[in-house]
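Undergrad: Chains as they are written, first to last, in full-length UniProt numbering: chain A, 1 to 343; chain B, 1 to 343.
Virtual Cβ for every residue (Gly too), placed ideally from N, Cα, C.
Keep in mind the model is a prediction, meaning the values are calculated, not measured.
Protein chains: 2
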Amino acid sequence: MTMTNAGGRRRPPTIHDVAREAGVSRGTVSRVLNGGHYVSPAAQEAVNAAIRRTGYVVNRHARSLITGRSDSIGFLLTEPQERFFEDPNFNVLLRGCTQALAAHDIPLLLMLAGTEDERRRITRYITAGHVDGVLLVSSHSGDPVAEQLREAGVPLVACGKPIGLGSKVSYVAADDRDGARDMVKHLVSLGRRRIGMVTGPLDTPGGVERLAGYREVLAEAGIEADDRLIASGDYSRASGEAGAEQLLERAPDMDAVFVASDLMAQGALTALHKAGRRVPEDVSVGGFDDSTAAISATPALTTIRQPYDRISTEMVRVLLAQIGGEEPAAVILPTELVRRDST
Amino acid sequence: MTMTNAGGRRRPPTIHDVAREAGVSRGTVSRVLNGGHYVSPAAQEAVNAAIRRTGYVVNRHARSLITGRSDSIGFLLTEPQERFFEDPNFNVLLRGCTQALAAHDIPLLLMLAGTEDERRRITRYITAGHVDGVLLVSSHSGDPVAEQLREAGVPLVACGKPIGLGSKVSYVAADDRDGARDMVKHLVSLGRRRIGMVTGPLDTPGGVERLAGYREVLAEAGIEADDRLIASGDYSRASGEAGAEQLLERAPDMDAVFVASDLMAQGALTALHKAGRRVPEDVSVGGFDDSTAAISATPALTTIRQPYDRISTEMVRVLLAQIGGEEPAAVILPTELVRRDST
DNA sequence: CATGCTTCTGTGAGCGTTCACAGTAGAGAA
DNA sequence: TTCTCTACTGTGAACGCTCACAGAAGCATG
Chain A
1 MTMTNAGGRR RPPTIHDVAR EAGVSRGTVS RVLNGGHYVS PAAQEAVNAA IRRTGYVVNR
61 HARSLITGRS DSIGFLLTEP QERFFEDPNF NVLLRGCTQA LAAHDIPLLL MLAGTEDERR
121 RITRYITAGH VDGVLLVSSH SGDPVAEQLR EAGVPLVACG KPIGLGSKVS YVAADDRDGA
181 RDMVKHLVSL GRRRIGMVTG PLDTPGGVER LAGYREVLAE AGIEADDRLI ASGDYSRASG
241 EAGAEQLLER APDMDAVFVA SDLMAQGALT ALHKAGRRVP EDVSVGGFDD STAAISATPA
301 LTTIRQPYDR ISTEMVRVLL AQIGGEEPAA VILPTELVRR DST
Chain B
1 MTMTNAGGRR RPPTIHDVAR EAGVSRGTVS RVLNGGHYVS PAAQEAVNAA IRRTGYVVNR
61 HARSLITGRS DSIGFLLTEP QERFFEDPNF NVLLRGCTQA LAAHDIPLLL MLAGTEDERR
121 RITRYITAGH VDGVLLVSSH SGDPVAEQLR EAGVPLVACG KPIGLGSKVS YVAADDRDGA
181 RDMVKHLVSL GRRRIGMVTG PLDTPGGVER LAGYREVLAE AGIEADDRLI ASGDYSRASG
241 EAGAEQLLER APDMDAVFVA SDLMAQGALT ALHKAGRRVP EDVSVGGFDD STAAISATPA
301 LTTIRQPYDR ISTEMVRVLL AQIGGEEPAA VILPTELVRR DST
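Below you can see the structure in the form of structure tokens.
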């Protein structure tokens, strides 16, 4: 029974204590800790036993000091706080990334850049090397933070295709165009012909792609395009409601609407309800995301499922690979139509 | 123009480089970095200039290695992930804490303990000293994580009064009882007499206090208590809907209902709508929280505002004080009635 | 002129790791 | 036997910072 610091808070055991306890040297303990190559089974076992007995845990600061790695990564959200408060997709992503990183024993630093000041502070923090890499969530284009990080050579992977950053930055995205196509095909197959759309922000690839998918399928089905059937939103609930109102006014004969996010679709449902339209009898409504918003909506939304669990897993995988020296990569994941009560 | 590492990634400047540049010693630079006591104005100025010129940023690992502090804190959420996905209050809290910590230049590590495994892993991580303190968000009682952290002597501050942890753990909470009282008084003042309640989880102080406030005011108003008018929920949307359905069945003459969270109140609105009751004409509905859910509900919810911005600020303040050696403290913050369209 | 006090500055040691390197032991080949 | 190769182990030197301490300089006091 060793009592290092009677009374006060006990000094935690170091690699030295473990080495002494196991009857080996610091070097051997370190080797066991880092994969166990070139260590005899006997030493391996002795060290592990000593670790268990002493309750040793590595001092990450000492390790980082010498390796130059921080063994932590940042989750950077460059969205206004209203969007963060409103959209459950962020939480799903956050949870997924935290979990995926936990498997590698890597803590996640949360960085919320809502204001210009915060953006600056966070950029400085990251470029100072306090994290090994960054998971970036930012729907908006031309994000100066992303650009600065890329220039500083910080490993970076974005959620959704970033705009204007060339091919030098990794990203993981769902197949927006294909998802949009599936939804509109579905609406067409229900016999709808006056199909409207509330788009996402058109300064983002995701927003553009979903609109493109919508247009393609209409063309293929021989339905004439009508700009009065297109309104634009920004993924927020309020913009979905406003968009649907606008469409109803400009095209009262609309019999279906594809809304580019579930949250906006919730807003659209409210607008339709207020206008006295029944869903799905009078108007079919299709969302995008399959977020918790889709299920809690009344009626429950038919939507395009984005595989958020795989998206976060892939983001982490690609980021770690990049930190390990690999080239930036782009990953596109398939979507899936989920039928519920709104179509 | 000094080029330390032509070609490769430049080695970042150290305190040594700054010292040389400023013509002083490491010690002086360090003193400037840590408050500037016992430093002459001239040296101060020279060091600051050198820091600007070299672009120096402190190596936190080296600092932590010697100080024993990590200068980072953990935000621990011990809730099932469905609740994290559903309830925007977590996001508001998260944002507030991140911001308050940023003012002290302290990063926030996000720890989501949804499963038993995660709980164990995270507890080990924290007790290993990888964070200086923990902001705990957990509505459930008898949380074993909190207990273990307290025993390990980790500075801890909970959001909401924790149960069964004695007075040894700090917490910041809104005045639940008083808030509930205000809401029920408001309903009584509208002439309502058959006032129901959907409670929060009754194994938490918050849940119990809100119910107590409700009971008190009814008694004071001379309205007889009726257990058929009380249903219990768990703060989730679904439980609010179920609770309201139950109340309508047991007490069809209910003319008002106080729901212990906005999210549950949203559910209650759905149930009332399905049952053909008009809000607020037939039934007044009062919520609790003033979350984004309150505004997006139709009709917009009259609710009790919890001062989340102040709650997060206070949590951080109390935690930092405790890390600095002060005694645990309890902070109770006042609430406020926000009138909207549901009453 | 010595002494003491205050204010400021420089220096050596050490925090707990990893890494490079030197060295040892044992097996197999010449 | 001797040499070489492989598998393993120990050791010193960093990493970049803070802290304690020693010392210098300036000024007032005895």
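With DSSP collapsed to three states, give me the class of methionine 111(B).
TA: Reduced to three states, the DSSP call for methionine 111(B) is strand.
Undergrad: Considering valine 301(B), what are the terminal residues of the beta strand (DSSP E) in which it resides?
TA: The displayed chain sequence assigns leucine, not valine, to residue 301(B). Note, leucine 301(B): premise wrong, no beta strand (DSSP E); not H, not E.
Undergrad: Taking its Cβ as the centre, do 16 or more other Cβ atoms sit within 10 Å of glutamate 21(B), making it buried, or is it exposed?
TA: With 16 or more Cβ atoms within 10 Å of its Cβ, glutamate 21(B) is classed as buried.
Undergrad: Can you name the start and end residues of the beta strand (DSSP E) that isoleucine 195(B) belongs to?
TA: Per DSSP, isoleucine 195(B) belongs to the beta strand (DSSP E) from 195-199.
Undergrad: Count the CB pairs spanning the region 96-104 of chain B and the region 32-44 of chain B that are closer than 8 Å, and state whether there are at least three.
TA: Touching, no, given that fewer than three Cβ pairs across the two stretches are closer than 8 Å.
Undergrad: For chain B, find out if any of its Cβ atoms is closer than 9 Å to the Cβ of proline 280(A); answer yes or no.
TA: With 9 Å as the cut-off, proline 280(A) does not count as an interface residue toward chain B.
Undergrad: Taking Cβ positions, are leucine 136(B) and threonine 78(B) nearer each other than 9 Å?
TA: Taking 9 Å as the Cβ cut-off, leucine 136(B) and threonine 78(B) qualify as a contacting pair.
Undergrad: Put tyrosine 125(B) into one of helix, strand or coil per three-state DSSP.
TA: Reduced to three states, the DSSP call for tyrosine 125(B) is helix.
Undergrad: Please go through the same chain and pick out, in chain order, the residues whose beta-carbon is closer than 7 Å to the beta-carbon of arginine 237(B), but skip the five residues on each side of it.
TA: Hits under 7 Å: Glu86, Leu263, Met264, Gln266 and Gly267.
Undergrad: Could you pull the start and end residues of the alpha helix (DSSP H) that valine 32(A) belongs to?
TA: Taken as a continuous stretch (DSSP letters only), the alpha helix (DSSP H) holding valine 32(A) covers 26-33.
Undergrad: Here's a check: name, in chain order, each residue in its chain whose Cβ is nearer than 7 Å to the Cβ of isoleucine 51(A), leaving out the five neighbours to either side.
TA: Excluding residues within five positions, the ones whose Cβ falls inside 7 Å are Val18.
Undergrad: How big is the Cα-Cα spacing for serine 189(A) and glutamate 209(A)?
TA: About 21 Å.
Undergrad: Does the distance from the CB of isoleucine 230(B) to the CB of threonine 270(B) come in under 9 Å?
TA: Contact: no.
Undergrad: Give the DSSP-derived three-state secondary structure of aspartate 117(A) in the structure shown.
TA: If DSSP states are grouped into helix, strand and coil, aspartate 117(A) belongs with the helices.
Undergrad: So, aspartate 105(A) versus aspartate 71(A), is the Cβ gap smaller than 9 Å?
TA: Cβ atoms of aspartate 105(A) and aspartate 71(A): closer than 9 Å.
Undergrad: What's the gap between the Cα of serine 30(B) and the Cα of aspartate 176(B)?
TA: Those two C-alpha atoms are separated by around 47 Å.
Undergrad: Near alanine 294(A), what residues of its chain come up, given a Cβ to Cβ distance below 6 Å and the 5 sequence neighbours on each side ignored?
TA: Same-chain partners within the cutoff: Asp262, Gly287, Leu301 and Thr303.
Undergrad: Closest Cβ-Cβ distance between proline 41(A) and chain B: below 9 Å?
TA: Chain B contact via Cβ: absent.
Undergrad: Taking 9 Å as the cut-off, decide whether the C-beta atoms of valine 184(A) and glycine 213(A) are in contact.
TA: Result yes, Cβ atoms of valine 184(A) and glycine 213(A) sit closer than 9 Å.
Undergrad: Indicate the three-state DSSP secondary structure (helix, strand or coil) for serine 64(A) in the structure shown.
TA: Serine 64(A) falls in the helix class under three-state DSSP.
Undergrad: Kindly indicate the opening and closing residues of the alpha helix (DSSP H) around glutamate 22(B).
TA: It should be pointed out that residue 22(B) corresponds to alanine in this sequence rather than to glutamate. Looking at the DSSP string, the run of the alpha helix (DSSP H) that includes alanine 22(B) is 15-22.
Undergrad: Which partner residues of glycine 133(A) appear in the DSSP bridge assignment?
TA: DSSP, once it has assigned bridges, lists Ile73(A) as partnering glycine 133(A).
Undergrad: Measure the C-alpha to C-alpha separation of arginine 116(A) and isoleucine 73(A) and round it to an integer number of angstroms.
TA: One point to set straight first is that residue 116(A) is glutamate, not arginine, in the sequence displayed. Rounded to the nearest angstrom, the two C-alpha atoms are 22 Å apart.
Undergrad: Looking only at C-alpha atoms, which of Val154(B), Gly153(B), Glu147(B) and Ala174(B) sits nearest to isoleucine 163(B)?
TA: Selected option, being the one with the closest Cα: Glu147(B).
Undergrad: Excluding five sequence neighbours on each side, which residues of the same chain lie with their C-beta closer than 8 Å to the C-beta of serine 64(B)?
TA: Excluding sequence neighbours, serine 64(B) sits near Ser70 and Asp71.
Undergrad: What does DSSP give as the partner residues of cysteine 159(A) in its beta bridges?
TA: Bridge partners of cysteine 159(A): Val137(A) and Val172(A).
Undergrad: For the alpha helix (DSSP H) containing valine 279(B), list its first residue and its last residue.
TA: Neither: valine 279(B) is in no alpha helix (DSSP H) and is coded neither H nor E.
Undergrad: Please confirm if methionine 111(B) has its CB atom under 9 Å from at least one CB of chain A.
TA: With 9 Å as the cut-off, methionine 111(B) counts as an interface residue toward chain A.
Undergrad: Identify whether alanine 256(B) lies in helix, strand or coil by the three-state DSSP scheme.
TA: Reduced to three states, the DSSP call for alanine 256(B) is strand.
Undergrad: Taking the beta carbon of glycine 228(A) as the centre, do at least 16 other beta carbons fall within 10 Å, making it buried, or is it exposed?
TA: Position check: residue 228(A) holds arginine in this sequence, whereas glycine was assumed. Answer is exposed; the Cβ neighbour count stays below 16.
Undergrad: Taking arginine 194(B) and alanine 244(B) to be in contact with their CB atoms under 8 Å, please state how far apart those CB atoms are, rounded to whole angstroms.
TA: That belief does not hold up - the Cβ atoms of arginine 194(B) and alanine 244(B) are roughly 14 Å apart, past 8 Å.
Undergrad: Going by DSSP, which residues form a beta bridge with valine 316(B)?
TA: Paired residue(s): none; valine 316(B) is not in a bridge.
Undergrad: In the DSSP output, what is valine 285(A) paired with across the bridge?
TA: Valine 285(A) pairs with Val257(A).
Undergrad: With DSSP collapsed to three states, give me the class of asparagine 5(B).
TA: Any reading at asparagine 5(B) needs caution, since the residue's pLDDT is 36, under 50, leaving its predicted position unreliable; the model's value is listed next. The answer is coil: DSSP assigns asparagine 5(B) none of H, G, I, E or B.
Undergrad: So what's alanine 43(B) in DSSP terms, helix, strand or just coil?
TA: Three-state result, alanine 43(B): helix.
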